[in-house]
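Undergrad: These protein sequence lines map, in sequence, to chains V and F.
Note that full-length UniProt numbering gives residue 8 to position 8 of the first sequence, counting from 1, and the numbers run on in steps of one.
Note that full-length UniProt numbering gives residue 229 to position 229 of the second sequence, counting from 1, and the numbers run on in steps of one.
2 protein chains.
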Amino acid sequence: MLTISQLAATAGVTVRTVRHYHHVGLLPEPERDASGYRRYSAQAVVDLIRIRTLADAGVPLARIDALLHAQPAEFAAAVTDIDAELQRKIDQLTEHRRRIAELASGEALVLPPEVVANLNRMRSLGVSERAVRIERDVWILMQALEPHSMPQGIRDKTASFDDPGTTRLYLAIGQSLDWDPHDPRVDRLIDDLDAWETEHERDSSRPRNMASQLVFSRIVEASPAWQRILDVLAHRARQRRTAGHDG
Amino acid sequence: MLTISQLAATAGVTVRTVRHYHHVGLLPEPERDASGYRRYSAQAVVDLIRIRTLADAGVPLARIDALLHAQPAEFAAAVTDIDAELQRKIDQLTEHRRRIAELASGEALVLPPEVVANLNRMRSLGVSERAVRIERDVWILMQALEPHSMPQGIRDKTASFDDPGTTRLYLAIGQSLDWDPHDPRVDRLIDDLDAWETEHERDSSRPRNMASQLVFSRIVEASPAWQRILDVLAHRARQRRTAGHDG
DNA sequence: TCCAACCCTGACGTAGGGTCAGGGTCAAGC
DNA sequence: GCTTGACCCTGACCCTACGTCAGGGTTGGA
Numbered sequence: 001m002l003t004i005s006q007l008a009a010t011a012g013v014t015v016r017t018v019r020h021y022h023h024v025g026l027l028p029e030p031e032r033d034a035s036g037y038r039r040y041s042a043q044a045v046v047d048l049i050r051i052r053t054l055a056d057a058g059v060p061l062a063r064i065d066a067l068l069h070a071q072p073a074e075f076a077a078a079v080t081d082i083d084a085e086l087q088r089k090i091d092q093l094t095e096h097r098r099r100i101a102e103l104a105s106g107e108a109l110v111l112p113p114e115v116v117a118n119l120n121r122m123r124s125l126g127v128s129e130r131a132v133r134i135e136r137d138v139w140i141l142m143q144a145l146e147p148h149s150m151p152q153g154i155r156d157k158t159a160s161f162d163d164p165g166t167t168r169l170y171l172a173i174g175q176s177l178d179w180d181p182h183d184p185r186v187d188r189l190i191d192d193l194d195a196w197e198t199e200h201e202r203d204s205s206r207p208r209n210m211a212s213q214l215v216f217s218r219i220v221e222a223s224p225a226w227q228r229i230l231d232v233l234a235h236r237a238r239q240r241r242t243a244g245h246d247g
Numbered sequence: 001m002l003t004i005s006q007l008a009a010t011a012g013v014t015v016r017t018v019r020h021y022h023h024v025g026l027l028p029e030p031e032r033d034a035s036g037y038r039r040y041s042a043q044a045v046v047d048l049i050r051i052r053t054l055a056d057a058g059v060p061l062a063r064i065d066a067l068l069h070a071q072p073a074e075f076a077a078a079v080t081d082i083d084a085e086l087q088r089k090i091d092q093l094t095e096h097r098r099r100i101a102e103l104a105s106g107e108a109l110v111l112p113p114e115v116v117a118n119l120n121r122m123r124s125l126g127v128s129e130r131a132v133r134i135e136r137d138v139w140i141l142m143q144a145l146e147p148h149s150m151p152q153g154i155r156d157k158t159a160s161f162d163d164p165g166t167t168r169l170y171l172a173i174g175q176s177l178d179w180d181p182h183d184p185r186v187d188r189l190i191d192d193l194d195a196w197e198t199e200h201e202r203d204s205s206r207p208r209n210m211a212s213q214l215v216f217s218r219i220v221e222a223s224p225a226w227q228r229i230l231d232v233l234a235h236r237a238r239q240r241r242t243a244g245h246d247g
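1) Counting only Cβ-Cβ distances shorter than 8 Å, please list the residues of the stretch 39-67 of chain V near chain F, keeping chain order.
2) When DSSP labels each residue in this structure, what does Y170/F get in the three-state scheme?
3) Contact criterion: CB-CB distance below 7 Å. Does G247/V meet it with respect to chain F?
4) According to the Cβ coordinates, are L189/V and S205/V closer than 7 Å?
5) Is A195/V buried or exposed, if buried means 16 or more other CB atoms sit within 10 Å of its CB?
6) Under 7 Å between C-beta atoms, does I173/V make it to chain F?
7) Please list, in chain order, the residues of the stretch 118-131 of chain V that have any C-beta partner in chain F closer than 8 Å.
8) Are K157/V and N118/V closer than 7 Å when you measure CB to CB?
9) State yes or no: is the beta carbon of R88/F nearer than 7 Å to at least one beta carbon in chain V?
10) Report yes if the CB atom of L61/F is closer than 7 Å to the CB atom of L26/F, and no otherwise.
11) Where does the unbroken alpha helix (DSSP H) through D83/V begin, and where does it stop?
12) Can you tell me which of the three DSSP states S40/V falls into?
13) Applying a beta-carbon distance threshold of less than 8 Å, which residues of chain F neighbour E221/V?
14) Hey, could you find the ends of the alpha helix (DSSP H) M150/F is sitting in?
15) From the beta carbon of L93/V, is the nearest beta carbon of chain F less than 7 Å away?
16) Which of the three DSSP states, helix, strand or coil, is assigned to R206/F?
17) Counting Cβ pairs closer than 8 Å, one from the stretch 4-15 of chain F and one from the stretch 25-45 of chain F, do we hit at least three?
18) Whose Cβ in chain F lies nearer than 7 Å to the Cβ of H96/V?
19) With H, G and I counted as helix, E and B as strand and the rest as coil, what does DSSP make of L214/V?
20) Quick test of your reading: T94/V and I100/F, contact by CB under 8 Å. State the CB separation rounded to the nearest angstrom.
21) Is the beta carbon of I134/V less than 7 Å from the beta carbon of A211/V?
22) Terminal residues of the continuous alpha helix (DSSP H) containing W139/V?
23) Hey, quick one: how far does the alpha helix (DSSP H) through L68/V stretch, first residue to last?
24) Indicate the three-state DSSP secondary structure (helix, strand or coil) for G247/V in the structure shown.
25) L2/V bridges to which residues according to DSSP?
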């Protein structure tokens with residue numbers, strides 16, 4: 001007659017494991033001695049070894065009991081099934097490895113390298129880190145919500161760095177985040193942005209879809225000055241459009 | 001301002017997932033509206049997308065927060081670490097697959113094919129299924145406790161089938177399990193076994209190690225007749241040994 | 001006004017045990 | 001006879017990353 005620790009040592013498992021198998025009904029509870037200690041027979045050793053053989057092969061505990069009493073045909077079917085499950089898990093982990101290998105750094109988390117390059121270009125122009133962070137988040141939202149418009153967006157953005165007027169605007173935009181909404185520099189920036197929109201045929205008053213709404217929210221949340229800037233720009237654009245219809 | 005289900009849908013996760021991230025502190029709890037509903041900003045969308053990007057790559061939730069704020073060097077180190085962990089899991093599952101592929105049927109669970117072959121040979125001799133089951137368990141115990149003595153044991157067993165006297169004994173042994181301990185056939189079987197031991201120079205009275213103790217237990221547990229048989233055989237062997245010393 | 005579709009908190013379940021907490025038992029040495 | 005260390009017991013909480021009720025309040029459209 002063996003104690004629980006002797007049984008466990010013989011089968012190469014922990015005492016806790018044996019008790020767990022009792023708990024889930026995989027190994028029957030043996031008789032107790034006068035002290036209430038469990039006393040095991042040699043049969044229990046054999047049972048436990050057979051259980052561990054399956055468990056060590058990755059068979060879920062819940063299926064082991066059936067497997068131990070299965071006919072060869074059922075057994076083979078169950079083994080095939082469990083093997084497929086293991087393969088599925090392996091595939092998933094392999095996919096995880098593939099993805100994680102792509103995670104070069106924090107910024108490249110979601111974004112294609114062209115975008116990361118553009119962000120670094122903004123940094124080297126002297127645009128503040130805070131503004132770059134907002135720009136990054138805007139691209140993350142684009143990527144998640146309108147991935148199809150990413151290629152065009154990337155091309156436009158990359159091309160814009162060739163225009164000195166536009167790059168000067170980027171610098172001013174970066175600084176403006178911290179300005180008071182009624183700072184006179186805000187008004188001058190609004191005029192510059194308005195002129196830029198007219199020149200590049202953009203219209204900040206057109207109805208916004210999900211993606212651009214979130215983009216606007218992200219910017220407005222970050223800067224009171226920009227709440228005013230975007231409001232005024234949209235207002236002016238609406239006026240221009242109305243005037244265009246009238247004329 | 002988004003509701004929790006809008007946020008979840010935007011980031012491609014379930015509402016439960018968002019709440020879980022709040023619970024573990026990965027995503028900050030947002031302000032509530034008058035009804036107590038959570039209201040999310042665009043920033044939350046960005047945060048959640050960044051979290052999911054790492055989670056989808058197999059990064060444990062507990063490590064994501066640190067990773068989101070890590071410098072490139074730390075980030076690279078952490079990614080290497082996590083990748084190694086994923087590889088470890090893959091290796092383990094692959095080992096499981098290898099093992100499970102070896103599990104041809106219930107009996108071959110632990111045992112080498114030669115043993116399985118011998119068990120089937122016993123069946124074809126007409127040995128009862130119950131006796132074969134005990135024999136199987138004896139081999140399982142041997143395998144687990146004294147694997148080094150398996151080859152010799154297998155050779156002896158395999159050779160024994162060439163001896164008609166021994167195979168006849170196997171048959172009698174199989175039938176004897178169910179006999180009453182005081183059945184006269186038990187006495188005749190004891191005589192036969194005693195003669196066999198003498199002939200083959202075995203000694204069932206020698207001190208037993210762990211493995212043979214368990215083997216004896218397994219047999220005695222299964223059959224009262226065999227409790228007596230083993231007792232008497234050991235007694236006689238002891239007597240023979242004493243006589244040998246005296247003479 | 002009603003109904004579906006939301007939202008809330010709280011709690012249990014998953015697989016396979018690890019790790020206390022709190023208390024009883026046994027065997028050996030002094 | 002007493003102590004000490006090694007066992008044994010039950011019960012309960014911990015881990016991952018959420019899924020899935022249960023029970024109840026809110027919102028918005030027909």
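Cβ atoms here follow ideal geometry from the backbone N, Cα and C, with glycine treated the same way.
Just so it is clear, the structure is predicted and the values come from calculations on it, not from any experiment.
TA: The answer reads as follows:
1) S41, A42, Q43, V45, V46, I49, R50, T53, L54, D56, A57, G58, V59 and L67
2) helix
3) With a pLDDT of 42 at G247/V, under the threshold of 50, the predicted position of this residue should be treated as unreliable, though the coordinate-derived value follows. Taking Cβ atoms only, chain F never reaches closer than 7 Å to G247/V, which makes this a no.
4) no
5) exposed
6) no
7) none
8) yes
9) no
10) yes
11) P72 to E102
12) At residue 40/V the sequence reads Tyr, which differs from the Ser that was named. Here Y40/V sits in strand by DSSP.
13) S41, A42 and Q43
14) M150 to S160
15) yes
16) coil
17) yes
18) A57, G58 and L86
19) helix
20) At roughly 19 Å, the Cβ-Cβ gap does not stay under 8 Å, so T94/V and I100/F are not in contact.
21) no
22) E129 to L145
23) L61 to L68
24) With a pLDDT of 42 at G247/V, under the threshold of 50, the predicted position of this residue should be treated as unreliable, though the coordinate-derived value follows. The answer is coil: DSSP assigns G247/V none of H, G, I, E or B.
25) Y40/V
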